[in-house]
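Undergrad: Those protein sequences? They're chains A and B, same order as listed.
Using full-length UniProt numbering, read the first sequence as starting at 1 and increasing by one per residue.
Using full-length UniProt numbering, read the second sequence as starting at 1 and increasing by one per residue.
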Amino acid sequence: MADTPTVSSQPAKPKLTRDPRFRALVFQVLALIAVAAFFIYIVHNTLLNMEQRGISTGFAFLDRPSGFAILQSLIPYSESSTYGRTFVVGLLNTILVSVLGIIFATLVGFLVGVMRLSRNWLISKLAMVYIELFRNIPLLLQIVFWYFAVAFNLPAPRQSLAFGDLVFLNNRGMYVPAPVVGEGFWMTGVALVVAIVAVVLLVRWARRRFETTGKTFHTVYAALAIVVGLPLLVFFATGAPLHWDVPALKGFNFRGGLTVIPELFALTLALTIYTAAFIAETVRSGIQSVSHGQTEAASALGLSHARTLRLVVIPQAMRVIIPPLTSQYLNLTKNSSLAVAIGYPDLVAVFAGTTLNQTGQAVEIIAITMAVYLTLSLAISLLMNWYNAKMALRER
Amino acid sequence: MANTFTPLPDQPPPPSSVGAIAWMRAHLFSSWVNSALTVLALYFLAATLPGLIDWLFISANWVGDNKDACVSGGACWAFVAKRFEIFIYGFYPLDQVWRINLIFVGLLVLTAPLFLKSFAYKLYLAGFILFVFPVIAFFLMSGGVFGLVHVETAKWGGFTLTLLLAAVGCVGALPLGILLALGRRATGMPVVKSLCVMFIELWRGVPLITVLFMSSVMLPLFLPEGVSFDKLLRALIGITLFQSAYMAEVVRGGLQAIPKGQYEAADALGLGYWRKYGLIILPQALKIVIPGIVNTFIELFKDTTLVTIVGLLELLGMVKSALGDPAWPDVSKEGYVFAAFMFWIFCFGMSRYSLWLERRLHTGHKR
């Protein structure tokens, strides 16, 4: 009788090492152990090293007096201020240059981006030259160029470049008129707030009317008239309680007005020019992404060119533009740290630079600095994501 | 008699629709707004261009030993000419410069076949250039073997250092970025995934300058006593880790764009994880994101300038330090313009190359 092969009713149990879930588990445990070991090793070495070099740990240094002066501070600061205050001064300076950069870069970037799409050959080529030139040159090089080669070589105060006797540019910085608020100016402020509330109500009313009756209303012009007109009326009714402190040449330098130090001037200029080149490309791709059919459909409906742009093209382009624009804002904020190269007192220069050199507390200071930039990035991301969600396509 | 249709000869187009005049009418003066813009642009060009060209070329000085040679009011290129070797090679001993030149020439000779369509061993050659050539180049630069004089890294500088930082950054960041991107997409491995996400987001959220500061002041603290890294190596580690986070996001974009069917097909063929990604997914994903990868390389190339801040003299640093020479006062514009020109040529070249590559590798997924 032939042997009958024995067939087990159970399929052969696969080897444990072939089970993907088991392998994933093993792999993750290994990864975790490796990372933990790495950090334990580093922390161990660091503690040992710091002990040997006599570096104290902890954040007590933030309360000690700093003993150095800072070129520009938005809050009162002196040499007897603490390192904690140094940190705040640096942070505020970083935020100042970032906000200025973001505003100017957005303006220039949108302008150049639209120019790039102009049907005028010359304008379009000029925009192209701008974009290709500035985005292919390192930002640091541009910063030191504007600072050492341009701002330094500007004429002395007596031979300042003057723009309409209001703005003066010389090798000590840029001098612009400063607003001086007089008595009763608060009423203009109140009028502005009232005007804004009125506009919000007007827009709501106009939208409701449009949705129920289909009649449009010139919201933009009306809103502009209210926002500009009402405060202006109050302003003059209260006797124009605001004058401009115009800088004037006295002795060897300008007195009065607001002074923009050359460092801030050069840094803002470089950040603006560099980032605007990238924003311009973003804007161009955004506008080009709106299919031509949309424009044709709009004109078929009888919309004017301006309304086509405002109601059809721009809202759709913005959806494509906002995410990369957010990255550009993040980049600009991070790039403002290059201030250290020309001595503009931003967070990196005064805190991760001078303070670190004086206290030697590298771990704490670098950790704080990185945490600040992470927080700033997160804040910008959240803000822009909220805006993006508002503008996003709402499918019904 | 049959009527045969004989068309009349074509009329020439109306003179207003051909030639320079028509082109100008269509592209420069199509409406009064456009005409005004054209005039404005022409005025701008007329105001800036002649002066610029005059300064750059016509009244520029090309030869001379010090600032006294530059009297004509134009750019003082004599300064750049005099310092050219130092700008390119840094403080590398001049009698050893042939080693750097050999690397440059070797790289050119090796890369040239990659542009040929008929060359069959591109993959092997690319692998050689990426992974073997750097080792040879390192020993050639550093010396100390085969009877070559040892040149310490502190003497490496100028444009050589710029290229070195960029090349090592690229070669290191690409594989690391791919691994991070794969880790970020590893489903079923939450620990690996979150480690990768943390790594990527942390590096992307901070400025490179703080990373360089960290590598210069904190890395020595991390290491056991007595072990110290070369300054250049520390900067290289910082740059590579930083760029790998950006690279990871670029690659992730490519991985996301591959249709699910490709993954399923690979699974159906019974391919394992590495073969699935190495043979099917990654080649397609990387091809899609070539523009992104080249963009990251361009960013990296520009970011190499930042190492001046931690005291390594690459091209910009070399130019900056040469500006302090009392024999050459007031030549900062010339120095920076020269550095800008060098960077611009390379970055612009890379972006054009990426466009070309994109078109070349477009293997017909267009419908």
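Using N, Cα and C, we set each Cβ at its ideal position, and we do this for glycine too.
Cα separation between B:Phe-84 and A:Ala-162?
TA: Cα-Cα distance, rounded: 38 angstroms.
Undergrad: Taking 8 angstroms as the threshold (C-beta atoms), are A:Ser-336 and A:Gly-101 in contact?
TA: Going by C-beta atoms, A:Gly-101 is nearer than 8 angstroms to A:Ser-336.
Undergrad: Look at the alpha carbon of A:Thr-188 and the alpha carbon of A:Val-181, and state the distance between them as a whole number of angstroms.
TA: For A:Thr-188 and A:Val-181, the distance between alpha carbons rounds to 11 angstroms.
Undergrad: Please state whether the Cβ-Cβ distance between B:Ile-298 and B:Glu-358 is less than 8 angstroms.
TA: Against a cut-off of 8 angstroms, the Cβ pair of B:Glu-358 and B:Ile-298 comes out as no contact.
Undergrad: Are B:Thr-240 and B:Gly-172 touching if we call contact CB-CB under 8 angstroms?
TA: Contact: yes.
Undergrad: For A:Gln-358, tell me which candidate among A:Arg-119, A:Arg-64, A:Tyr-274 has the shortest Cα-Cα distance.
TA: Nearest option by C-alpha distance: A:Arg-64.
Undergrad: By the 9 angstroms beta-carbon criterion, what residues does the stretch 204–218 of chain B contribute toward chain A?
TA: Taking 9 angstroms as the Cβ-Cβ cut-off against chain A, the residues of the stretch 204–218 of chain B that qualify are Arg-204, Gly-205, Val-206, Pro-207, Leu-208, Ile-209, Thr-210, Val-211, Phe-213, Met-214, Val-217, Met-218.
Undergrad: Which residue marks the beginning of the alpha helix (DSSP H) containing B:Trp-328, and which one marks its end?
TA: Looking at the DSSP string, B:Trp-328 is not in any alpha helix (DSSP H), and its letter there is neither H nor E.
Undergrad: Less than 8 angstroms between CB atoms is the rule here; does A:Asn-49 satisfy it with respect to chain B?
TA: True, the Cβ-Cβ gap to chain B drops below 8 angstroms.
Undergrad: Any idea which residues DSSP pairs A:Thr-295 with across the strands?
TA: DSSP, once it has assigned bridges, lists no residue as partnering A:Thr-295.
Undergrad: Just the Cα atoms here: how many angstroms apart are A:Leu-91 and B:Val-132?
TA: If I take the Cα positions, the gap works out to 46 angstroms.
Undergrad: If the criterion is Cβ atoms closer than 8 angstroms, does the pair B:Arg-252 and B:Arg-360 meet it?
TA: No, they are not a contact pair.
Undergrad: Would you verify that the beta carbon of B:Pro-224 is, or is not, closer than 8 angstroms to some beta carbon of chain A?
TA: Judged by the 8 angstroms Cβ criterion, B:Pro-224 is in contact with chain A.
Undergrad: Check whether the stretch 115–134 of chain A touches the stretch 385–396 of chain A, counting contact only when three or more Cβ pairs, one atom from each stretch, lie closer than 8 angstroms.
TA: Result no; under three Cβ-Cβ pairs closer than 8 angstroms.
Undergrad: Check the Cβ of B:Ala-181 against every Cβ in chain A and list those closer than 8 angstroms, keeping chain order.
TA: The premise fails here: B:Ala-181 is roughly 16 angstroms from chain A at the closest Cβ pair, so nothing lies under 8 angstroms.
Undergrad: What whole-angstrom Cβ distance do B:Gly-261 and A:Tyr-373 have, given they're in contact under 8 angstroms?
TA: No, B:Gly-261 and A:Tyr-373 are not in contact; Cβ-Cβ is about 41 angstroms, not under 8 angstroms.
Undergrad: Measure how close the beta-carbons of B:Leu-323 and B:Val-310 come, nearest whole angstrom, since I'm counting them as under 8 angstroms.
TA: So it is not a contact: roughly 19 angstroms between Cβ atoms.
Undergrad: Once DSSP output is grouped into helix, strand and coil, what is the label at B:Glu-314?
TA: In the structure shown, B:Glu-314 sits in a strand (DSSP, three-state: E or B).
Undergrad: Counting only C-beta atoms, is B:Gly-19 closer than 8 angstroms to chain A at any point?
TA: No - not a single Cβ of chain A is within 8 angstroms of the one on B:Gly-19.
Undergrad: Considering just the uninterrupted stretch of the beta strand (DSSP E) at B:Gly-188, what are its terminal residues?
TA: Here B:Gly-188 belongs to no beta strand (DSSP E), and DSSP marks it neither H nor E.
Undergrad: Helix, strand or coil: how does DSSP classify B:Asp-230 here?
TA: Reduced to three states, the DSSP call for B:Asp-230 is coil.
Undergrad: Pair every Cβ in the stretch 51–63 of chain A with every Cβ in the stretch 79–88 of chain A, then say whether three or more of these pairs are closer than 8 angstroms.
TA: Contact holds: three or more Cβ-Cβ distances are below 8 angstroms.
Undergrad: Starting from A:Leu-139, follow the beta strand (DSSP E) in both directions and report where the run begins and ends.
TA: Where A:Leu-139 is concerned, there is no enclosing beta strand (DSSP E), although the alpha helix (DSSP H) it sits in stretches over 139–144.
Undergrad: By Cβ distance, which residues of its chain are closer than 7 angstroms to B:Arg-234, with the 5 residues on each side in sequence left out?
TA: Closer than 7 angstroms at the Cβ level, and outside the excluded window around B:Arg-234, lie Ser-215, Ser-216, Leu-219.
Undergrad: With a Cβ-Cβ cutoff of 8 angstroms, do A:Ile-273 and B:Phe-213 count as a contact?
TA: No; because the gap between Cβ atoms is not below 8 angstroms, this pair is not in contact.
Undergrad: Please go through the stretch 98–167 of chain A and give each complete alpha helix (DSSP H) segment of 4 or more residues, from N-terminal end onward.
TA: Counting whole runs of 4 or more residues, the stretch 98–167 of chain A contains the alpha helix (DSSP H) stretches 121–134, 139–144.
Undergrad: Okay, do the stretch 132–148 of chain A and the stretch 29–44 of chain B touch, 3+ Cβ pairs below 8 angstroms being the bar?
TA: Contact between the stretch 132–148 of chain A and the stretch 29–44 of chain B is absent, because fewer than three Cβ pairs lie under 8 angstroms.
Undergrad: On the DSSP letters alone, give me the boundaries of the beta strand (DSSP E) that A:Ala-178 sits inside.
TA: Per DSSP, A:Ala-178 belongs to the beta strand (DSSP E) from 178–181.
Undergrad: Quick one: does B:Asn-34 have its CB under 8 angstroms from some CB of chain A?
TA: Yes, B:Asn-34 lies at the interface with chain A (some Cβ there is under 8 angstroms from its Cβ).
Undergrad: Between the stretch 150–166 of chain B and the stretch 299–309 of chain B, do three or more beta carbon pairs fall short of 8 angstroms?
TA: The stretch 150–166 of chain B, when compared against the stretch 299–309 of chain B, does touch it at the 8 angstroms Cβ threshold.
Undergrad: Using only the alpha-carbon positions, how far apart do A:Thr-212 and A:Leu-311 sit?
TA: Their backbone Cα atoms lie some 19 angstroms apart in a straight line.
Undergrad: Grab the span of the beta strand (DSSP E) containing A:Ala-248 for me, first residue to last.
TA: It spans 248–250 - the beta strand (DSSP E) in which A:Ala-248 sits, taken as one unbroken run.
Undergrad: Could you tell me how far apart the beta carbons of B:Tyr-92 and B:Ile-100 are, in whole angstroms, since I believe they sit closer than 8 angstroms?
TA: Right, their Cβ atoms sit about 6 angstroms apart.
Undergrad: Where do the N-terminal and C-terminal ends of the beta strand (DSSP E) with A:His-243 fall, by residue?
TA: Looking at the DSSP string, the run of the beta strand (DSSP E) that includes A:His-243 is 242–245.
Undergrad: Quick one: list the residues of chain B neighbouring A:Ala-362, beta-carbon separation under 7 angstroms, in chain order.
TA: Correct list: Val-217, Met-218, Leu-221.
Undergrad: From the DSSP output, in three-state form, read off A:Phe-254 for me.
TA: Strand at A:Phe-254.
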